[in-house]
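One structure is given here, and the rest of the page talks about it.
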Amino acid sequence: MGTRRRLLNQRGQFAPVAAGVVAGLAAAAGVMIGRRAGAMANVGEGHSAKHRLLDLASGLTQPKFPLEAMSTWLNGFHMYADDMGRQVEAHHFCIHLRHDLHQCVIFDSNRHDARLIGIEYIISEERFRQLPAEEKRLWHSHHYEVKSGVLVAPGIPELAERAYFKDLVSTYGKTFHTWQIDRDEFPYGAPQLMMGFTQDGQVNEAALEERDQRLNVSHEERRRKRYDIPVPDVAPGANAWESGTSVQTTLTEVPFKGQGKGP
Numbered sequence: 004m005g006t007r008r009r010l011l012n013q014r015g016q017f018a019p020v021a022a023g024v025v026a027g028l029a030a031a032a033g034v035m036i037g038r039r040a041g042a043m044a045n046v047g048e049g050h051s052a053k054h055r056l057l058d059l060a061s062g063l064t065q066p067k068f069p070l071e072a073m074s075t076w077l078n079g080f081h082m083y084a085d086d087m088g089r090q091v092e093a094h095h096f097c098i099h100l101r102h103d104l105h106q107c108v109i110f111d112s113n114r115h116d117a118r119l120i121g122i123e124y125i126i127s128e129e130r131f132r133q134l135p136a137e138e139k140r141l142w143h144s145h146h147y148e149v150k151s152g153v154l155v156a157p158g159i160p161e162l163a164e165r166a167y168f169k170d171l172v173s174t175y176g177k178t179f180h181t182w183q184i185d186r187d188e189f190p191y192g193a194p195q196l197m198m199g200f201t202q203d204g205q206v207n208e209a210a211l212e213e214r215d216q217r218l219n220v221s222h223e224e225r226r227r228k229r230y231d232i233p234v235p236d237v238a239p240g241a242n243a244w245e246s247g248t249s250v251q252t253t254l255t256e257v258p259f260k261g262q263g264k265g266p
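As structure tokens, then:
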């Protein structure tokens with residue numbers, strides 16, 4: 004009888020806790036569903052009611068594990084590999100896929116109606132040094148972007164951001180933009196190779212200041228607080244444009260290889 008009473012007492016003590024956890028999870032789920040529904044409602048301008056309803060239903064019910072795994076939002080600037088005068092603000096949403104590889108999708112904003120403009124792969128210095136020389140020409144260093152404060156992770160605590168960038172400072176990125184938003188209204192043309200900045204005076208200061216105000220960050224403050232992050236020398240072969248020439252993607256007509264010409 005005493006054992007049974009103790010069990011009942013334990014249940015009585017734990018029941019409110021369990022109920023609180025369930026209620027908290029339900030509330031969080033409700034917030035997430037509401038946020039997702041709100042996001043869906045804010046995109047798709049010009050869609051018919053039927054299409055908007057289908058988008059909303061799939062947005063709420065389909066699992067999207069790669070998207071849910073994106074853990075970090077980074078904001079910075081890219082330049083076209085063959086033209087420093089063409090610079091684009093880039094919002095990266097990244098997955099730390101393995102210890103020496105991040106993969107990021109790039110949008111032009113962090114809004115519901117953001118345009119998907121590119122991708123970036125980020126690898127460790129060790130991995131970069133193993134690449135063949137021709138492949139290295141596609142990659143840029145992150146040393147200056149991190150130390151200068153140009154690259155930021157908005158909205159996370161300073162200590163967490165600092166720890167993240169201590170790891171990122173020695174990495175290398177390969178970036179292609181699939182939408183030339185500085186020029187075209189639609190995603191026309193071949194993907195373009197992009198590069199990062201390597202010293203002061205290269206990034207558009209007006210664009211950088213506007214970014215800082217909009218996201219409530221300060222690249223100058225970030226620069227001061229990152230002064231003691233150790234920075235290794237840039238590995239040979241990165242930032243190929245610094246040699247005075249660069250590579251860029253173009254469309255080339257080639258013979259088609261198939262099983263036959265058909266009937």
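Per our numbering: the sequence shown = residues 4 to 266.
No residue lacks a Cβ here, since even glycine has one placed at the ideal position from N, Cα and C.
Going by beta carbons, S144 and A241 fall inside the 8 Å limit. Cβ contact annotation for E223 (same chain, cutoff 8 Å, sequence separation greater than five): G152, in chain order.
Assignment of V149 by DSSP, reduced to helix, strand and coil, places it in the helix class. Annotation: L77 to G176 spans about 13 Å, alpha carbon to alpha carbon. Sequence-distant partners of Q90 (beyond 5 residues in either direction) whose C-beta falls short of 6 Å from its own C-beta, in its chain, are F80, M82, N207.
Cβ neighbours of S173 within its own chain (closer than 6 Å, five residues either side excluded): E128, P235. Classified as exposed, Q202 has fewer than 16 neighbouring CB atoms from the shown chains inside 10 Å of its CB. Shown here, A72 sits in coil according to DSSP, grouped into three states, outside any helix or strand. Out of S221, P233, E137, the CA that lies nearest to the CA of D170 is found in P233. In the DSSP annotation of this structure, the continuous segment of the beta strand (DSSP E) that includes A93 starts and ends at 86-101. A direct Cα-to-Cα measurement between L63 and N113 gives close to 20 Å. In the three-state reduction of the DSSP assignment, Y124 falls in the strand class, which pools E and B. Looking at the DSSP output, S249 shares a beta bridge with no other residue.
For K139, the enclosing alpha helix (DSSP H) starts and ends at 136-139.
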